[in-house]
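Participant: Numbering (our numbering), first residue to last: 34 to 155. For glycine and all other residues, C-beta sits at the position ideal for the given N, C-alpha and C. The structure under discussion is supplied below as structure tokens; questions concerning it will follow.
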């Protein structure tokens, strides 16, 4: 692969900021809202927003389920902690891939993020 396909160091640091769990959602959203950025920024912003949104939806649903259902609450709270740990580990893994200069994609999930958010955002 040519060096031009990999982001430069300042751009790579910005892309790392997008992958910070929970916090990276906001600069990602801002990048897509402004419609200014590189192809890599748009792709990673979509992935970051989809990851954070999926985590938040699952977190809220399991939290509400633990409070309202007769299903043992402890099981849902444990699943909730696994979901949160998984979100943080996937974000760290994606950061590691970015630092190594590899493609920052999740099989299936990246395509889903592109399909969902490209209809509404650039």
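Using 8 Å as the threshold, is the stretch 71-88 in touch with the stretch 134-147, meaning 3 or more CB pairs across them?
Facilitator: These segments touch.
Participant: Any heavy atom of the ligand MN closer than 7 Å to the beta-carbon of residue 68?
Facilitator: Inclusion of the ligand MN in the displayed structure is not the case, the ligand content being empty and no account of it being possible.
Participant: DSSP three-state label for residue 164, please.
Facilitator: Since the displayed the chain opens at 34 and closes at 155, residue 164 lies outside it and no answer follows.
Participant: For the alpha helix (DSSP H) holding residue 82, just list the boundary residues, first then last.
Facilitator: First-last of the alpha helix (DSSP H) with residue 82: 72-101.
Participant: So the alpha helix (DSSP H) residue 67 belongs to, where does it begin and stop?
Facilitator: 58-67 is the span of the alpha helix (DSSP H), which, as asked, contains residue 67.
Participant: From the DSSP output, in three-state form, read off residue 129 for me.
Facilitator: Note: residue 129 maps to helix in three-state DSSP.
Participant: Name the residue from 84, 63, 134, 70 whose alpha carbon lies nearest to the alpha carbon of residue 142.
Facilitator: The shortest Cα separation from residue 142 among 84, 63, 134, 70 belongs to 84.
Participant: Determine the closest residue to residue 144 out of 80, 48, 72, 67, with distance taken between C-alpha atoms.
Facilitator: Closest by alpha carbon: 80.
Participant: Can you tell me whether residue 61 is buried or exposed? The criterion is at least 16 other CB atoms within 10 Å of its CB, across all chains shown.
Facilitator: So residue 61 ends up on the buried side.
Participant: Is it the case that the Cβ atoms of residue 98 and residue 109 are separated by a distance below 8 Å?
Facilitator: Yes, Cβ-Cβ distance for residue 98 and residue 109 is below 8 Å.
Participant: Here's the rule I'm using: 16 or more other beta-carbon atoms within 10 Å means buried, otherwise exposed. How should residue 119 be labelled?
Facilitator: Flag for residue 119 reads exposed.
Participant: Using beta-carbon positions only, say whether residue 54 and residue 124 come within less than 8 Å of one another.
Facilitator: Against a cut-off of 8 Å, the Cβ pair of residue 124 and residue 54 comes out as a contact.
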